[in-house]
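2 protein chains.
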Amino acid sequence: MTTPATRTSPRKRTSNGLTAQIGADEIGLDALIGHAGYAVRRFQIWIFQDFIRTLGEVDIRPTQYSVLTVIGANPGLSQMAVAKRLGIERARLVHLLDSLEQRKLVKRIKSKSDRRSHALHLTAQGETALAKFKRLAAEHERHVEDKIGKANRERLLQILAGFT
Amino acid sequence: MTTPATRTSPRKRTSNGLTAQIGADEIGLDALIGHAGYAVRRFQIWIFQDFIRTLGEVDIRPTQYSVLTVIGANPGLSQMAVAKRLGIERARLVHLLDSLEQRKLVKRIKSKSDRRSHALHLTAQGETALAKFKRLAAEHERHVEDKIGKANRERLLQILAGFT
DNA sequence: CGCAATTGTTGTCGTCAACAACAATCTTCC
DNA sequence: GGAAGATTGTTGTTGACGACAACAATTGCG
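This is the structure in structure tokens:
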């Protein structure tokens, strides 16, 4: 937990001779505390690890989940549209869909109105699978609540609503 | 950042129009909204990009900045201690320090008390450089304030304080 | 002393963002 | 109607990053 945030300057003389070995929990972060990016990075690592662990039994990672969710809610989207909406490179989405298609969760249907693009749909298997994924994702979300508190999670979502 | 330049393809329905092409901003996220992880991921991408851009003139990335800050505040630390404190693999820290040492910002001093380890220090050049980095980082932090609001940034730091 | 643990290092593997190039196809404009 | 330009999906490369495994040198402990 390492909460002694009030520590200021734990430096011990080391300039030439003996090296002062300090425990990791005694090291001052100084300017790092107060940087939103640092806190957000650490939190994002934690939250992704919990997501990956909670959905480990179904082998679904956060990005895969977001793709499935968007396709499920908007059948027929093109790869370009999905990529743009989720902030994923379309080059990257190709591999993601290759994987999901091999697992029979998604299918690419050649669009007749624009033969360059594919209309993305969930398979029947994908629909039922996504339902299970959503239950597990909800469980993960409860872990977040346990970690930072229900009210804080709500506030967090509210603060960051503009980025979704 | 959900690039503002992606204002493309305002077309919505092709002439024969079987497949409905929708603009990216009209796509429903459904279950994705309400997931803390998704919002945090998008926010983290935005904040890192702004950090990288704001400190682009000095070519310092977030991880490099965190390493320099910790060493600056705690001279003489071993690589192990820095890695543990920042949640970086010690294997990864090797390359980070190689780069920073080549740029004459950091020096590894062989510890006499434990000849396995190195005591990490900023060079004189590193000290003055870090001062400049901190000014630019503060500017970046103001961008965050502009984006989500001063009060929200404070609240965010408070909520995520346990992860630093 | 001898053996386990630690430290820095090297290497591999997989994820992810950012680009670049390309063929097929569509749109636009002359 | 047709050439020129843009878009879509695809392949490939690069670099940052996290996770692991193995290794030599060194330390610490039984």
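Quick note, the sequences are listed as chains A and B, same order.
With our numbering, letter number 47 in the first sequence gets 47, and the count goes up by one each step, no holes.
With our numbering, letter number 60 in the second sequence gets 224, and the count goes up by one each step, no holes.
For every residue, glycine included, the Cβ atom is placed at its ideal position computed from N, Cα and C.
Note that the structure is a prediction, hence the values are computed from the model and not measured.
Next on the checklist: Does the contact criterion of 3 or more C-beta pairs under 8 Å hold for the region 233-246 of chain B versus the region 110-125 of chain A?
Outcome noted: Touching, no.
Checklist entry - Can the beta-carbon of residue 153 (chain A) be found less than 8 Å from the beta-carbon of residue 200 (chain B)? => result The residue given as residue 153 (chain A) occupies position 153 in the first sequence. The residue given as residue 200 (chain B) occupies position 36 in the second sequence. Against a cut-off of 8 Å, the Cβ pair of residue 200 (chain B) and residue 153 (chain A) comes out as a contact.
Checklist entry - Between the region 64-93 of chain A and chain B, which residues of the former have a C-beta closer than 9 Å to a C-beta of the latter? => result From the region 64-93 of chain A, only 65, 66, 69, 70, 72, 73, 74, 76, 77, 78, 80, 81, 82, 83, 84, 85, 86 and 87 have a Cβ closer than 9 Å to chain B.
Checklist entry - For residue 308 (chain B), which option in B:202, B:197 and B:210 has the closest C-alpha, if you only look at C-alpha atoms? => result Against the second sequence, residue 308 (chain B) aligns to sequence position 144. When each option's Cα is compared against that of residue 308 (chain B), the closest is B:210.
Next on the checklist: Closer than 9 Å between beta carbons: that is the criterion. Which residues of the region 34-48 of chain A meet it against chain B?
Outcome noted: 34, 35, 36, 37, 38, 39, 40, 41, 42, 43, 44, 45, 46, 47 and 48
Checklist entry - For residue 172 (chain B), does the three-state DSSP call read helix, strand or coil? => result If you number the second sequence from 1, residue 172 (chain B) lands on position 8. Because the pLDDT of residue 172 (chain B) is 33, which lies under 50, any placement of that residue in the model is unreliable, and the question is left without a value.
Next on the checklist: Between which residues of its own chain and residue 107 (chain A) is the CB-CB distance below 6 Å, once the five residues before and five after are set aside?
Outcome noted: Indexing the first sequence from 1 puts residue 107 (chain A) at position 107. Closer than 6 Å at the Cβ level, and outside the excluded window around residue 107 (chain A), lie 121 and 123.
Checklist entry - Cα-Cα, which of A:79, A:60, A:38 and A:93 is closest to residue 131 (chain A)? => result Here residue 131 (chain A) refers to the residue found at position 131 when the first sequence is read from its first residue. Ranking A:79, A:60, A:38 and A:93 by Cα distance to residue 131 (chain A) puts A:60 first.
Checklist entry - For a contact meaning CB atoms closer than 9 Å, what does residue 280 (chain B) contact in chain A? => result If you number the second sequence from 1, residue 280 (chain B) lands on position 116. Near residue 280 (chain B) there are no residues of chain A at all, since even the closest Cβ is about 11 Å away, more than 9 Å.
Item to check | Secondary structure, alpha helix (DSSP H): runs of 4+ residues fully inside the region 68-138 of chain A | outcome: 79-86 and 90-102
Checklist entry - In chain A, what lies closer than 8 Å to residue 295 (chain B) by C-beta? => result The residue given as residue 295 (chain B) occupies position 131 in the second sequence. Correct list: empty, because the minimum Cβ distance to chain A is about 10 Å.
Next on the checklist: Measuring alpha carbon to alpha carbon, tell me which residue in A:88, A:79 and A:140 is nearest residue 57 (chain A).
Outcome noted: Position 57 of the first sequence, counted from the first residue, corresponds to residue 57 (chain A). Here the closest residue by C-alpha is A:140.
Next on the checklist: Out of A:75, A:161 and A:133, which one is the CA nearest neighbour of residue 54 (chain A)?
Outcome noted: Stepping through the first sequence from its first residue, residue 54 (chain A) is reached at position 54. Among A:75, A:161 and A:133, the Cα nearest to that of residue 54 (chain A) is on A:133.
Item to check | Per-residue burial, residue 148 (chain A) [other beta carbons within 10 Å of its own, 16 or more giving buried] | outcome: If you number the first sequence from 1, residue 148 (chain A) lands on position 148. Residue 148 (chain A) is buried by the Cβ-count criterion.
Item to check | Distance between beta carbons of residue 96 (chain A) and residue 64 (chain A), contact taken as under 8 Å | outcome: Counting from 1 along the first sequence, the entry for residue 64 (chain A) is found at position 64. Counting from 1 along the first sequence, the entry for residue 96 (chain A) is found at position 96. 6 Å between Cβ atoms; contact.
Next on the checklist: Between residue 163 (chain A) and residue 203 (chain B), how many whole angstroms is the CB-CB distance? I'm expecting something under 8 Å.
Outcome noted: Position 163 of the first sequence, counted from the start, is the residue given in the question as residue 163 (chain A). Position 39 of the second sequence, counted from the start, is the residue given in the question as residue 203 (chain B). That belief holds up - the Cβ atoms of residue 163 (chain A) and residue 203 (chain B) are roughly 6 Å apart, short of 8 Å.
Checklist entry - Where does the unbroken alpha helix (DSSP H) through residue 159 (chain A) begin, and where does it stop? => result Taking the first residue of the first sequence as 1, we reach residue 159 (chain A) at position 159. Membership of residue 159 (chain A) in the alpha helix (DSSP H) is indicated by the continuous run 150-159.
Checklist entry - Which of the three DSSP states, helix, strand or coil, is assigned to residue 251 (chain A)? => result There is simply no residue 251 (chain A) to check, as chain A begins at 1 and stops at 164 in what is shown.
Checklist entry - Which whole-angstrom value is the C-beta distance of residue 92 (chain A) and residue 79 (chain A), which I expect to be below 8 Å? => result Stepping through the first sequence from its first residue, residue 92 (chain A) is reached at position 92. Stepping through the first sequence from its first residue, residue 79 (chain A) is reached at position 79. Residue 92 (chain A) to residue 79 (chain A), Cβ: 10 Å. No contact.
Checklist entry - Apart from the five residues just before and just after residue 76 (chain A), which ones in its own chain have a Cβ nearer than 6 Å to its Cβ? => result Counting from one through the first sequence, the residue named residue 76 (chain A) turns up at place 76. Hits under 6 Å: 119.
Checklist entry - Under 8 Å, do residue 44 (chain A) and residue 208 (chain B) count as touching if we go by C-beta distance? => result The count along the first sequence starts at 1 and reaches residue 44 (chain A) at position 44. The count along the second sequence starts at 1 and reaches residue 208 (chain B) at position 44. Yes, the pair counts as a contact, with Cβ atoms nearer than the cut-off.
Next on the checklist: I'd like to know whether the C-beta atoms of residue 269 (chain B) and residue 302 (chain B) end up nearer to each other than 8 Å.
Outcome noted: The residue labelled residue 269 (chain B) in the question sits at position 105 within the second sequence. The residue labelled residue 302 (chain B) in the question sits at position 138 within the second sequence. Result no, Cβ atoms of residue 269 (chain B) and residue 302 (chain B) do not sit closer than 8 Å.
Checklist entry - residue 148 (chain A) touches chain B at which residues, Cβ-Cβ below 8 Å? => result Along the first sequence, read from residue 1 onward, the residue named residue 148 (chain A) stands at position 148. Within chain B, the residues near residue 148 (chain A) are 323, 324 and 326.
Checklist entry - Going by C-alpha distance, which of B:325, B:306, B:320 and B:314 is nearest residue 215 (chain B)? => result Along the second sequence, one-based indexing puts residue 215 (chain B) at 51. Closest by alpha carbon: B:306.
Item to check | residue 94 (chain A) versus residue 151 (chain A): straight-line alpha-carbon distance, rounded | outcome: Numbered from 1 along the first sequence, position 94 holds the residue referred to as residue 94 (chain A). Numbered from 1 along the first sequence, position 151 holds the residue referred to as residue 151 (chain A). If you take the alpha carbons of residue 94 (chain A) and residue 151 (chain A), they lie about 38 Å apart.
Item to check | Under 7 Å from the C-beta of residue 57 (chain A): neighbouring residues of chain B | outcome: One-based indexing of the first sequence puts residue 57 (chain A) at position 57. Within 7 Å Cβ-Cβ: nothing; residue 57 (chain A) doesn't reach chain B, min ~18 Å.
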